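K.L.:
Here it is, the structure, as structure tokens.
Set out below in structure tokens:
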């Protein structure tokens, strides 16, 4: 039963029965993911600006709830927000991605996000999407972040992080922010 609950839990933290079984059997919550192919000690920390940190801190309650809902560490969510929008909930990219976690309209619609400029909808949608990418790429944070930035099709096509400068810099930036923020 423990193996069954562990296997179910690896398919996604949104499955309540897996969480319940795991907790009943171990007395603990399902562990959050920290799968790195590059050890965190080898990532050069870089922090985002105080202004960005202040902007993002306004959303701490929402980030806490999304973290709890999807099992994604709070500081990872903050790192994605910093890299995507620097905490600007009205940000729009040249490609049309919107809000704090820069959701494309089609992705937002698939995730049930009606208004990408609504911070709560956007953070929950972006965190859900990051969770889906982690599941799709077997917990590899680098591949999940690359898929978040360039799309899962590009990660599959290139059998790893795509050779796009923007995507490689994005993955490095998010990992660096996350390393600087540390474990929560």
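Numbering (my numbering), first residue to last: 920 to 1103.
Beta carbons: idealized from backbone N, C-alpha and C, even for Gly.
Note that the coordinates shown come from a computational prediction; the quantities given were computed from them, not determined experimentally.
1) Please report how far the alpha carbon of residue 1094 lies from the alpha carbon of residue 998, in whole angstroms.
2) Counting beta carbon pairs with one atom in the stretch 966 to 983 and one in the stretch 1067 to 1081, are three or more of them shorter than 8 Å?
3) When you compare only the Cα positions, how much space is there between residue 1024 and residue 1014?
4) Taking the straight line between their C-alpha atoms, what separation do you get for residue 1039 and residue 1083?
5) Can you give me the Cβ contacts of residue 1010 inside the same chain, cut-off strictly under 6 Å, excluding the 5 residues immediately before and after it?
6) As an exercise, report each continuous beta strand (DSSP E) stretch of at least 3 residues that is fully enclosed by the stretch 994 to 1021, in chain order.
7) Does the distance from the C-beta atom of residue 1080 to that of residue 1099 stay below 8 Å?
8) Would you give the residue range spanned by the alpha helix (DSSP H) that residue 1052 belongs to?
9) Can you give me the start and stop residues for the alpha helix (DSSP H) that residue 981 sits inside?
10) Would you kindly report the start and end of the unbroken alpha helix (DSSP H) that includes residue 1097?
11) Is residue 1017 buried or exposed, if buried means 16 or more other CB atoms sit within 10 Å of its CB?
12) Quick check on the DSSP output: the alpha helix (DSSP H) that includes residue 975 runs from which residue to which?
13) Measuring CA to CA, which of 972, 1045, 970 is closest to residue 985?
14) Using a Cβ-Cβ cutoff of less than 6 Å, which residues in the same chain neighbour residue 995 once the five nearest sequence positions on both sides are dropped?
P.N.:
By the coordinates alone:
1) Residue 1094 and residue 998 have their C-alpha atoms spaced approximately 8 Å apart.
2) A contact is defined here as three or more CB-CB pairs under 8 Å, and the stretch 1067 to 1081 fails this definition with respect to the stretch 966 to 983.
3) Going by the C-alpha atoms only, they are around 10 Å apart.
4) In a straight line, the C-alpha of residue 1039 is about 30 Å away from that of residue 1083.
5) Within the same chain, residue 1010 has close Cβ partners 1004.
6) Correct list: empty.
7) A distance of 8 Å or more separates the beta carbons of residue 1080 and residue 1099.
8) Per DSSP, residue 1052 is one residue of the alpha helix (DSSP H) stretching across 1038 to 1055.
9) Taken as a continuous stretch (DSSP letters only), the alpha helix (DSSP H) holding residue 981 covers 979 to 989.
10) Per DSSP, residue 1097 is one residue of the alpha helix (DSSP H) stretching across 1084 to 1100.
11) Residue 1017 comes out buried.
12) That run of the alpha helix (DSSP H) goes 969 to 976.
13) Cα-wise, what sits closest to residue 985 is 1045.
14) Answer for residue 995: 1097, listed in chain order.
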